[in-house]
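Have a look at the structure below before the remarks.
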Amino acid sequence: DTEVTQTPKHLVMGMTNKKSLKCEQHMGHRAMYWYKQKAKKPPELMFVYSYEKLSINESVPSRFSPECPNSSLLNLHLHALQPEDSALYLCASSPKRQGTNNSPLHFGNGTRLTVT
Amino acid sequence: GIQVEQSPPDLILQEGANSTLRCNFSDSVNNLQWFHQNPWGQLINLFYIPSGTKQNGRLSATTVATERYSLLYISSSQTTDSGVYFCAVGEPTTSGTYKYIFGTGTRLKVLA
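Going down the list, the protein sequences come from chains A and B.
Letter by letter, the first sequence follows residues 480 to 595 in my numbering.
Letter by letter, the second sequence follows residues 1179 to 1290 in my numbering.
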């Protein structure tokens, strides 16, 4: 699945830095997701946007700030992160077709984040 | 929330062998997917299979929603099948969005 594009692929940042992760899809999907994956663990849901509005926040610390500027773009703004926030951050989208349950996830290749 | 368990947690196969991976979930679901995560971290969508049976080459999957489990079959395994296999189930929310919960994963290693 390469129809969801994430940038950058790798990011190293200090604890006082501010950085952003970007995600883009052009499949017309109306639901977009951020997941966090630590080594040897399954992906954990962080945020869900539906029609560009924040739909789900899984009690994520405020140092992670999502943004959905339009239906194709999803950002994750990072500030004052801790070393334990180092992980693979995955973006996904789904069609969210009205009136059906058919809503499979399509993932990007992820951003591997290291906080020093 | 829905609990999703996968078995076995680890599996080592000789190239050419067959295997069955299992995904159990604690509540009825309308969405279920199987993914393969390769060593580079890419999550590859294998099947979207909320019910029934599907086949794609050497892989097939069956979901019995009423009994709350899904199976992924890998036949004639190859070294490129190595990686982690996840099932993910979609839990509907009040906002109309599905909240996808991942299973614990099965780590597969295929030996040449």
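The C-beta atom is built at its ideal place from N, Cα and C for all residues, glycine as well.
These numbers come from a predicted model, not from an experiment.
Using a Cβ-Cβ cut-off of 8 Å, Pro-522 (chain A) counts as an interface residue toward chain B, since at least one Cβ of chain B sits closer than that to its own. Contact between Leu-1289 (chain B) and Ile-1222 (chain B) does not hold, since their C-beta atoms are separated by about 21 Å, which reaches or exceeds 8 Å. Residue ranges of uninterrupted beta strand (DSSP E) with 3 or more members, entirely inside the region 488-563 of chain A and ordered along the chain, are 489-492, 497-504, 510-516, 523-529, 532-536, 543-549 and 552-558.
Around Arg-1200 (chain B), the same chain offers Ser-1185 and Leu-1249 as residues with beta carbons nearer than 6 Å, after the five sequence neighbours per side are excluded. Within the region 1203-1224 of chain B, the residues whose Cβ lies closer than 7 Å to any Cβ of chain A are, in chain order, Asn-1208, Asn-1209, Gln-1211, Gly-1219, Gln-1220, Leu-1221, Ile-1222 and Asn-1223.
The distance from the Cβ of Phe-1264 (chain B) to that of Pro-521 (chain A) is about 6 Å, consistent with a contact at the 8 Å cut-off.
According to the DSSP assignment, Pro-1270 (chain B) belongs to the beta strand (DSSP E) that extends over 1261-1270. The three-state reading of DSSP puts Thr-1257 (chain B) in helix, counting H, G and I together.
In this structure Leu-567 (chain A) is in contact with Gln-516 (chain A), their Cβ atoms being roughly 4 Å apart against a cut-off of 8 Å. Using a CB distance cut-off of 8 Å, Thr-1198 (chain B) does not count as an interface residue toward chain A.
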